[in-house]
């Protein structure tokens with residue numbers, strides 16, 4: 009049986025990719041954020057997961073405002089990151105796990121979700137930046153990728169409860185997989201930030217810390233706000249917390265926090281990294 013070993017939740021700001029490309033990890037502006045990955049690197053070296061299931065939001069590389077699926081799941085043999093206009097295209101490809109992808113898709117559909125299935129798919133900075141943070145260097149990534157994109161851009165957006173339930177369906181699917189893969193769940197994006205309009209630069213430290221405080225012990229607390237409430241609290245891009253909520257839903261066992269880092273600002277964004285451990289336990 010496959011097993012979900014833990015979860016990694018982190019910001020995916022394109023500027024982080026720029027800092028990596030320029031070697032600025034020790035720059036005083038960036039160092040407090042990059043230092044938050046020390047325990048993540050140690051945990052990954054110890055656990056050596058085989059598959060990463062990544063909940064993220066596409067920023068126009070695959071889907072745009074004229075065609076924006078609520079949920080999309082990758083089922084490709086390989087994924088690549090391409091330049092989105094930031095002047096950065098990380099070269100390492102991402103190997104897919106098609107068999108497990110299709111198993112997740114089939115089980116999610118059986119749970120009455122209707123994802124778009126993508127047998128050809130690019131991944132943007134929301135996947136590429138977290139992978140570069142977790143596995144720095146030039147060698148091939150040591151695990152396979154299953155990307156799950158959530159619409160956090162084009163209203164109407166899915167509710168936090170719907171995203172959490174999607175995550176639970178994905179978690180059940182992983183648990184029912186007959187392979188012996190060890191899986192790490194990713195939730196990427198945020199935290200609070202807004203890039204446009206009169207509230208450009210908005211950061212809500214209280215809401216961010218509320219999310220960080222409750223993510224492991226009480227994820228249901230994050231469901232008390234509807235999507236528009238979250239936009240008001242966290243900013244129009246801060247609604248990327250939906251990715252974290254879905255990822256936390258997939259962690260079906262006894263969850264405890266191993267590490268947490270919060271740093272503001274990075275490129276007008278409240279940045280955070282959280283590492284959660286997931287002990288074995290099957291969804292009821």
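Residue numbers (our numbering): 9 to 292.
The beta-carbon is built from N, C-alpha and C at its ideal position, and this holds for glycine as well.
Query raised in the report: What alpha helix (DSSP H) runs, 4 residues minimum, are completely inside the stretch 225 to 253?
Result: 235 to 242
Query raised in the report: Which ranges does the beta strand (DSSP E) cover as unbroken runs of at least 3 residues, wholly within the stretch 140 to 208, from first to last along the chain?
Result: 152 to 158 and 190 to 196
Query raised in the report: According to the neighbour-count rule (16 or more other Cβ atoms, all chains shown, within 10 Å of its Cβ), is residue 254 buried or exposed?
Result: buried
Query raised in the report: Can you tell me whether residue 144 is buried or exposed, with buried defined as 16 or more other CB within 10 angstroms of its CB?
Result: exposed
Query raised in the report: Thinking C-beta only, is residue 20 closer than 7 Å to residue 201?
Result: no
Requested in this report: Please look up how many angstroms separate the CB atoms of residue 178 and residue 116, rounded, as I've assumed it's under 8 Å.
Outcome: 6 Å
Requested in this report: Tell me residue 16's beta-bridge partners as DSSP assigns them.
Outcome: 194 and 283
Query raised in the report: In whole angstroms, what is the alpha-carbon distance linking residue 83 and residue 112?
Result: 10 Å
Query raised in the report: Taking Cβ positions, are residue 90 and residue 130 nearer each other than 7 Å?
Result: yes
Query raised in the report: Among 162, 101 and 199, which has the Cα closest to the Cα of residue 74?
Result: 162
Requested in this report: Just mark residue 207 as buried or exposed, buried being the case when its beta carbon has 16 or more other beta carbons within 10 Å.
Outcome: It counts as exposed.
Requested in this report: Tell me, to the nearest whole angstrom, how far the beta carbon of residue 242 is from that of residue 269; I am working on the premise that it is less than 8 Å.
Outcome: By a beta-carbon distance limit of 8 Å, residue 242 does not contact residue 269. Their separation comes to about 18 Å.
Report task. Have a look at residue 79 and residue 245 and give me their C-alpha separation to the nearest angstrom. Result -> 17 Å
Requested in this report: With a 10 Å radius around its C-beta and 16 neighbouring C-beta atoms as the bar for buried, classify residue 123 as buried or exposed.
Outcome: Residue 123 is buried by the Cβ-count criterion.
Query raised in the report: Exposed or buried, which one is residue 71 when buried takes at least 16 other CB atoms within 10 Å?
Result: buried
Query raised in the report: Three or more C-beta pairs closer than 8 Å, one from the stretch 146 to 161 and one from the stretch 31 to 44: is that the case here?
Result: no
Requested in this report: Run the proximity test for residue 15: is its beta-carbon closer than 6 Å to any non-hydrogen atom belonging to the ligand ZN?
Outcome: With respect to the ligand ZN, the structure offers nothing, as it holds no ligand at all.
Query raised in the report: Helix or strand or just coil, what does DSSP make of residue 291?
Result: Legend: pLDDT at residue 291 = 42, less than 50; position of this residue unreliable, value from coordinates given subsequently. It is coil, neither helix nor strand.
Query raised in the report: What does a CB cutoff of less than 8 Å around residue 292 pick up in its chain, not counting 5 residues either side in sequence?
Result: Only weak support exists for where residue 292 lies, its pLDDT of 40 falling under 50; the coordinates are left without a value.
Query raised in the report: CB residue 14 to CB residue 284, shorter than 7 Å?
Result: A contact, by the Cβ cut-off of 7 Å.
Report task. Using 10 angstroms around the beta-carbon of residue 198, count the other beta-carbons present and answer buried if the total reaches 16, otherwise exposed. Result -> buried
Requested in this report: State the Cα-Cα distance for the pair residue 45 and residue 237, rounded to the nearest angstrom.
Outcome: 30 Å
**Report entry** Given residue 69 as reference, the closest of 59, 159 and 247 once Cα atoms are compared
**Finding:** 159 is the residue among 59, 159 and 247 whose C-alpha sits nearest the C-alpha of residue 69.
Query - Contact the stretch 87 to 103 vs the stretch 218 to 228: 3+ CB pairs below 8 Å - result: no
Requested in this report: Give the DSSP bridge partners of residue 75, in chain order.
Outcome: 72.
Query raised in the report: On the three-state DSSP scale, how would you describe residue 21?
Result: In this structure, residue 21 counts as coil in the three-state DSSP scheme.
Query raised in the report: Is residue 49 buried or exposed, if buried means 16 or more other CB atoms sit within 10 Å of its CB?
Result: exposed
**Report entry** Cβ-based neighbour list, residue 121, same chain, cut-off 7 Å, excluding 5 preceding and 5 following
**Finding:** 79, 174 and 177
Query raised in the report: With 7 Å set as the bound, which would you pick, yes or no: does the beta-carbon of residue 131 sit closer than that to a beta-carbon of chain C?
Result: Here there is only one protein chain, and chain C is not present.
Report task. Would you list, in sequence order, the uninterrupted beta strand (DSSP E) runs of no fewer than 3 residues that lie entirely inside the stretch 93 to 130? Result -> 124 to 126
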